[in-house]
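*Asks:* Below is one structure. I have some questions about it.
This is the structure in structure tokens:
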């Protein structure tokens, strides 16, 4: 079975600090996709990034960066110079061919990030 | 372009009642998935529909059912509501059902069962 673990349930930082959100996954698939979503207080899940299992290149998008390491089954997310607007719950998710429904997502429990001014 | 829309936004029901939630996907998207998110937890997969057929079902009882219409919109039905059904119900659409397609989520319907 697939599983995603986000061990940090809550993180609190002061604005401008860097913060890393951890994600560890389990799957027997050789082909799979990893995702990060942001859920602000409004409740809507906002897509941030998709990464396939064959692409271990790190990615940077503005203040956001992602580190994918297959050897440790981790897909960590770093926010540089955090801002109050980054406060939200962040979810890591996994999809793979063993799913009975194509791109069904298995989510982690989420990490609540609070950025204080 | 309009994103995924869901209605209603909020709903309060009594135990034993029935509820219908609605979802309109992004234009051009043929796949709709439903997720349940209990407070403090990650979303859990309920159903996926593609081209009006059920393509996947999560670990939910038969009280939960869904369908997809010719215009690709979808309804989620829950019968005999229980207190434990109180949750945010999220609808997501994608171009197709291949694992590479990212899902775009709607704002959700918050269901409270009293």
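Protein chains in written order, with this note's numbering: chain C, 15 to 131; chain B, 1062 to 1175.
Ideal placement from N, C-alpha and C gives every residue a C-beta, glycine not left out.
May I ask you to report which of helix, strand or coil DSSP gives residue 1099/B?
*Replies:* Mapped onto the second chain, residue 1099/B falls at position 38. Here residue 1099/B sits in coil by DSSP.
*Asks:* Would residue 1135/B be called buried (16 or more neighbouring beta carbons within 10 Å of its own) or exposed?
*Replies:* For the purposes of this step, residue 1135/B is identified with residue 74 of the second chain, where counting begins at 1. When all chains shown are included, residue 1135/B counts as buried.
*Asks:* Spatial neighbours of residue 72/C within its chain, please: C-beta separation below 6 Å, excluding the five flanking residues on both sides.
*Replies:* Counting from 1 along the first chain, the entry for residue 72/C is found at position 58. 81.
*Asks:* Among the candidates 102/C, 32/C and 117/C, whose CA atom is the shortest distance from the CA of residue 94/C?
*Replies:* The residue labelled residue 94/C in the question sits at position 80 within the first chain. Of 102/C, 32/C and 117/C, the residue nearest in Cα terms is 32/C.
*Asks:* Buried or exposed: which applies to residue 1175/B, given that a residue is buried once 16 or more other Cβ atoms fall within 10 Å of its Cβ?
*Replies:* As a position in the second chain, residue 1175/B is number 114, starting the count at 1. Counting Cβ neighbours within 10 Å, residue 1175/B comes out exposed, since fewer than 16 surround it.
*Asks:* Which parts of the stretch 68-128 of chain C are runs of the beta strand (DSSP E), unbroken and 3 residues or longer, counting only runs that do not cross its ends?
*Replies:* Listed in chain order, they are 73-75, 78-83, 88-93 and 102-109.
*Asks:* Return helix, strand or coil for residue 1143/B, following the three-state DSSP convention.
*Replies:* Your numbering for residue 1143/B matches position 82 in the second chain. The answer is coil: DSSP assigns residue 1143/B none of H, G, I, E or B.
*Asks:* Please return the same chain residues whose Cβ sits closer than 7 Å to the Cβ of residue 1146/B, not counting the five positions on each side in sequence.
*Replies:* Taking the second chain and counting its residues from 1, the one referred to as residue 1146/B is at position 85. 1139, 1172 and 1174.
*Asks:* Taking Cβ positions only, does residue 65/C come closer than 8 Å to chain B?
*Replies:* Numbered from 1 along the first chain, position 51 holds the residue referred to as residue 65/C. No, no contact with chain B.
*Asks:* What is the DSSP secondary structure of residue 1120/B, reduced to helix, strand or coil?
*Replies:* Taking the second chain and counting its residues from 1, the one referred to as residue 1120/B is at position 59. If DSSP states are grouped into helix, strand and coil, residue 1120/B belongs with coil.
*Asks:* Hey, which unbroken runs of the beta strand (DSSP E) at 3 residues or more fall wholly within the stretch 18-59 of chain C?
*Replies:* Here the runs fully enclosed are 24-28, 33-35, 38-40 and 47-53.
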